[in-house]
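Heads up, the sequence shown is in the numbering used here, so the first residue is 624 and it goes up one at a time. The C-beta atom is built at its ideal place from N, Cα and C for all residues, glycine as well.
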Amino acid sequence: MQLLDSDFRLEKTSQFFYYVLLLGFISLWLSPFLVSLTTGLSLIYVIANYNYFLIHNSLKITYIAIAVFLLSLGDILLNGYTTITFSKSLLLLGFVFILASSFMLFSHKKNSLINFTLIISSVVSLVNIFAITNYLLKKDFYDALLLQSKSIPIPNMHHIHFGIINACIIALLLGLLITKSLKDKIQFNLAICLLLISVVSFHILSSRTGLLSFYVGILVSMIWYTIQKKSFKAMFLGILIIILSLSMSYYFSDSFRNKIQNSIEDYNSWGKGDEINFKSMAMRMEASKMCIQIIGEYPLGVGAEAQEQVLQATYVKENTPLDMENRVGPHNQFLDFGVKYGWIGMILLFLFFIYLIPIIRKSSFPMIAIVGIIFTSLFFESLLERQTSIFIFSLFIPLSISLFRLEENG
């Protein structure tokens, strides 16, 4: 009787939370408050169905997220309660519950996953169309900014985060089409349309982080597929398509071409003193050097409150060529955690992906592409430091796992 009550409660709460999570995704462009509300409701959803949480194997990976959250609580205990330490801890608590609730929802509502994917893909396509229209109206202005490591603006969202979202959406849509998961003709035609919009927009709008993460993720999934199926023909065809995609983007898109030119200038500035100023990737490389120095001196971390102060002091101590305004953080989640929480923080983050390996073995290659995209992007953006990127991280990995499980796709 208790089991039946638990199943009934899960069914009812899942129907409600399905729409809550959709609202949360749409709210990424509309209202931080609604995203926070979604996070709060995810906590209630998990607590209301704690029995399911405890017995479902896929949810065990959430324990790593809990361990990271406990690190942030330890930071408060050791270094004191401040606005910064509390906000970081609150963000990581949100990470735990959005991740856990997404795993629970997607594993329970398998029949709704394709519709969910098509809905969020439609939302992203609408944002793409809006941003592309704005870009074309001021094309010369934005093309000039791209040569200065600036970006094409995205409505109410950081361009790096939107690039990662676009990359994941493309991988999801490709996965649905390649695995022949779309049985309905209307769904198939919609997926093709959304994929075309996303691919074209992605190569115009996306940050270099999004582009690099996408192609690394796709390449890793192709290598896995080749090894699994021993199909070198598929690998050859995939590489050919990647070369064709990049070549066409370079030829037809001024935006893409300017990003490549800016990247070359950026690379050429490395190791040339103050030439690295205002060069995005070169500045990040310099910041990474500072962080590695700090982690070597403080293997247990310096805490969230002291992070910025210690980083700026290290810039001075190491006699950096960067101007004061360019002494930024590393945009690298592993190094960010290393500075705040020491080696333990970095190891836990790596363990999260190591724990995914048994799940990856039971999934088709599109899921590997999503994991590859998220994992690669962590080296170029701190995804667990902002609400939007935490939502991205916590949504796409559980969705891809449930969507592309081999046993669920025949």
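Gly798 and Asp889 have their C-alpha atoms some 34 Å from each other. The Cβ atoms of Phe648 and Val746 sit closer than 8 Å to each other. A Cβ-Cβ distance of about 28 Å is found for the pair Leu834 and Gly896, leaving them out of contact under the 8 Å criterion. Between Gly995 and Ser844 a beta carbon distance of about 6 Å is seen, short of the 8 Å cut, so the two are scored as contacting. In this chain, the alpha helix (DSSP H) harbouring Gly968 covers Gln956 to Ile977.
Among the bridge pairs identified by DSSP, Met780 is matched with Ile777.
Looking at Leu657, Arg984 and Asn949, the one whose alpha-carbon comes closest to that of Lys852 is Arg984. In the displayed model, Ser804 falls within coil according to three-state DSSP, outside both helix and strand. Ala767 counts as exposed, since fewer than 16 other beta carbons sit within 10 angstroms of its beta carbon. Taking every protein chain shown into account, the CB of Gln956 has 16 or more other CB atoms within 10 angstroms, so this residue is buried. In this structure Asn949 touches Phe901 by the C-beta definition: roughly 6 Å separates them, less than 8 Å.
For Ile752, the enclosing alpha helix (DSSP H) begins and ends at Leu736 to Leu760. Ser986 is bridged by DSSP to Arg1028. Here DSSP, grouped into helix, strand and coil, assigns Ser829 to coil.
Annotation for Ile899: no alpha helix (DSSP H) segment contains it, and DSSP assigns it neither H nor E. Along the length of the segment 864-947, whole alpha helix (DSSP H) runs at least 4 residues long occupy 877-892, 903-920 and 927-940, reported in chain order.
In the three-state reduction of the DSSP assignment, Ser654 falls in the coil class, being assigned neither a helical nor a strand state.
By the Cβ test, the segment 790-805 is not in contact with the segment 773-782, since fewer than three Cβ pairs between them sit closer than 8 Å. Under the three-state reduction of DSSP, Pro1021 is assigned to helix. Contact check between the segment 746-761 and the segment 699-710: fewer than three CB pairs, one atom from each, fall below 8 Å, which does not count as touching.
Just so you know, the alpha carbons of Phe960 and Ser1005 end up roughly 9 Å apart. Here the alpha carbons of Glu928 and Leu1001 stand approximately 22 Å from one another. One alpha carbon belongs to Val962, the other to Gln932, and they sit about 11 Å apart. Between Ser821 and Ser748 the beta-carbon gap is near 6 Å, inside 8 Å, which marks them as a contact. Phe1019 places its beta carbon less than 8 Å from that of Ile997. Taking the Cβ atoms as the reference, Tyr978 lies roughly 5 Å from Ile684, within the contact range of under 8 Å. Per DSSP, the continuous alpha helix (DSSP H) segment holding Ser724 begins and ends at Thr706 to His731. Distances from the CA of Leu971 to each of Ser654, Phe656 and Phe692 were compared; the closest alpha carbon is that of Phe692. Of the candidates Ile752, Glu634, Leu645 and Val839, the residue whose Cα lies closest to the Cα of Ala671 is Glu634. The Cβ atoms of Ser829 and Asn789 lie closer than 8 Å to each other.
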